[in-house]
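Report on one structure; see the data block that follows.
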Amino acid sequence: MATLSGHHALVTGGGSGIGAAVALTLAQAGATVTICGRRREPLEAIAAQHSDIHAEPADVTDRDAMLRLYKQAETARGRFAIVVANAGGARSGPAEKVSPLLWNETLAVNLSGAFFSVQPALAGMRERGFGRIVFIASTAGLKGAAYVAPYVAAKHGVIGLMRALAAETAKHGITVNAVCPGYTETPMLDRAVERIAATTKRDAAEARAALAAKNPQRRFITPAEVASAVSWLCGEDTAGITGQAIAISGGETW
Ligand code: NAP
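Numbering-wise (this note's numbering), the sequence shown opens with residue 11 and increments by one.
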């Protein structure tokens with residue numbers, strides 16, 4: 011029997027990159043999966059790849075929209091036993107030029123959005139005595155990095171949020187963990203490469219090589235590697251693992 015059969019999972023940002031890989035991996039492991047994001051088309055394209063993936067557009071920064079998503083998806087497919095808070099994004103620039111708008115938007119999607127994505131699941135998980143929450147943080151949640159101050163602050167906040175929730179839920183059969191990828195082959199990486207190439211006047215191949223060199227294995231992480239770790243953390247046999255930030259970075263952090 012597939013290991014996640016009978017579980018309903020929410021994957022935010024499930025229409026592309028890491029979130030899409032997580033949604034497909036969880037569905038292949040037997041879960042029924044609801045994916046959200048702001049744009050409907052990418053969600054429907056992923057849902058079309060597996061009959062147990064369902065698209066529900068919603069913006070994670072809008073708490074009321076997330077409550078509506080919960081109502082709709084849980085009425086249709088049962089309460090969420092698994093939540094993967096993956097939606098996020100980064101824009102770069104020197105800290106001294108970060109506008110209040112950029113600061114607020116970055117924290118809204120990466121930190122507040124992560125909280126709004128998991129908070130409505132807590133009561134149901136506690137009643138059921140089972141829950142699996144995984145935040146997609148980043149190595150930027152474990153160490154500093156230049157020119158992405160709001161993102162680094164938000165991802166460190168996600169690690170703190172994960173630890174707080176792990177402490178609060180441990181006795182209820184709920185685990186709360188974070189995975190921390192290094193640079194990963196997704197549309198977000200493509201956008202970072204374009205920005206670096208434009209600001210440093212290098213071509214895209216040089217910019218990609220410079221980013222890959224930050225990984226001691228001299229390569230990018232794949233979305234499938236991240237999805238595999240998430241799927242493992244969502245299983246019944248990882249009940250003892252909670253409050254952990256697991257780097258998937260080829261040894262970028264220790
Ligand atoms: P991606 O392909 O750009 O995926 C981000 C997803 O989040 C998109 O599907 C996007 O869909 C969704 N999203 C963005 N803002 C949203 C919002 N307000 N509400 C709902 N959904 C929203 O990039 P990715 O690399 O897979 O990123 C996934 C996660 O991995 C992020 O948290 C990122 O910080 C983290 N991460 C990425 C890397 C990397 O190198 N790629 C490394 C470490 C960590 P819509 O635009 O349709 O809303």
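Beta carbons: idealized from backbone N, C-alpha and C, even for Gly. Just so we're clear, the structure is a prediction, and the values are computed from it rather than from any experiment.
Take R89 and list the residues in its own chain whose beta-carbon comes closer than 6 Å to its own, dropping the five residues that flank it on each side.
As a working mapping, residue 89 is identified with position 79 in the sequence shown. Answer for R89: G134, listed in chain order.
Assign P233 to buried or exposed, taking buried as 16 or more other Cβ atoms, counted over all protein chains shown, within 10 Å of its Cβ.
Within the sequence shown, numbered from 1, the residue matching residue 233 stands at position 223. With at least 16 other beta carbons inside 10 angstroms of its own, P233 counts as buried.
If you draw a straight line from the alpha carbon of M76 to that of A95, how long is it in whole angstroms?
By one-based count along the sequence shown, residue 76 stands at place 66. By one-based count along the sequence shown, residue 95 stands at place 85. For M76 and A95, the distance between alpha carbons rounds to 12 Å.
For A257, does the three-state DSSP call read helix, strand or coil?
The sequence position of residue 257 within the sequence shown is 247, counting from 1. DSSP places A257 in strand when its eight states are reduced to three.
Quick check: V93 and L20, are their CB atoms within less than 8 Å of each other?
Reading the sequence shown from its first residue, position 83 is the one you call residue 93. Reading the sequence shown from its first residue, position 10 is the one you call residue 20. For V93 and L20, yes; Cβs fall inside 8 Å.
Going along the chain, which residues of its own chain have a beta-carbon closer than 7 Å to the beta-carbon of A124, five neighbours each way excluded?
Counting from one through the sequence shown, the residue named residue 124 turns up at place 114. For A124, where only same-chain residues beyond five positions count, the Cβ hits under 7 Å are A95, F145, V168, L171.
Check whether the Cβ of Y80 lies closer than 7 Å to any heavy atom of the ligand MG, and answer yes or no.
Inclusion of the ligand MG in the displayed structure is not the case, the ligand content consisting of the ligand NAP alone.
Please report the distance separating the alpha-carbon of E84 from that of T44.
Taking the sequence shown and counting its residues from 1, the one referred to as residue 84 is at position 74. Taking the sequence shown and counting its residues from 1, the one referred to as residue 44 is at position 34. Whole-angstrom Cα-Cα distance: 9 Å.
If you run the structure through DSSP and keep just helix, strand and coil, what is I56?
Working through the sequence shown from its first residue, we reach residue 56 at position 46. Correct three-state label for I56: helix.
Through-space distance from I56 to A86, alpha-carbon basis:
The sequence position of residue 86 within the sequence shown is 76, counting from 1. The sequence position of residue 56 within the sequence shown is 46, counting from 1. Those two C-alpha atoms are separated by around 19 Å.
Compare the beta carbon distance of F126 and R49 with 8 Å and say whether it is the shorter of the two.
Indexing the sequence shown from 1 puts residue 126 at position 116. Indexing the sequence shown from 1 puts residue 49 at position 39. No, these two residues do not count as a Cβ contact at 8 Å.
Shortest alpha-carbon distance to T179 belongs to which of D200, G24, V203, R142?
As a first step, residue 179 must be located in the sequence shown, where it is residue number 169. It is R142 whose Cα lies nearest to the Cα of T179.
Contact between the region 189–202 and the region 97–112 (3+ Cβ pairs under 8 Å):
When Cβ pairs closer than 8 Å are counted between the two stretches, the region 189–202 is seen to touch the region 97–112, the count reaching three or more.
With 16 other Cβ atoms within 10 Å as the buried cut-off, status of A215
Taking the first residue of the sequence shown as 1, we reach residue 215 at position 205. When all chains shown are included, A215 counts as exposed.
Can you give the beta carbon distance from L112 to P160, rounded, assuming they're within the 8 Å contact cut?
To locate residue 112, count along the sequence shown from 1; it is residue 102. To locate residue 160, count along the sequence shown from 1; it is residue 150. Confirmed, about 6 Å.
Could you compute how far the alpha carbon of Q59 sits from the alpha carbon of H18?
Here residue 59 is taken as the residue at index 49 of the sequence shown, counted from 1. Here residue 18 is taken as the residue at index 8 of the sequence shown, counted from 1. One C-alpha to the other measures close to 17 Å.
What is the rounded straight-line gap between the Cα of D69 and the Cα of I184?
Here residue 69 corresponds to residue number 59 of the sequence shown, with the count starting at 1. Here residue 184 corresponds to residue number 174 of the sequence shown, with the count starting at 1. Cα-Cα distance, rounded: 25 Å.
Here's a check: name, in chain order, each residue in its chain whose Cβ is nearer than 8 Å to the Cβ of I28, leaving out the five neighbours to either side.
If you number the sequence shown from 1, residue 28 lands on position 18. Once the five neighbours on either side are set aside, the close Cβ partners of I28 are N96, I146, P191, T194, T196, P233, V236, A237.
Go ahead and pull the three-state DSSP assignment for T248.
To locate residue 248, count along the sequence shown from 1; it is residue 238. The answer is helix: DSSP assigns T248 an H, G or I state.
Could you check where the beta strand (DSSP E) with P104 kicks off and where it finishes?
Position 94 of the sequence shown holds residue 104. Counting along the chain, P104 falls outside any beta strand (DSSP E), and DSSP gives it neither H nor E.
Give me, in chain order, the residues of the same chain whose beta-carbon lies closer than 6 Å to that of G25; leave out the 5 immediate sequence neighbours on both sides.
For the purposes of this step, residue 25 is taken as the residue at position 15 of the sequence shown. Correct list, in chain order: G47, P52, L53, I56.
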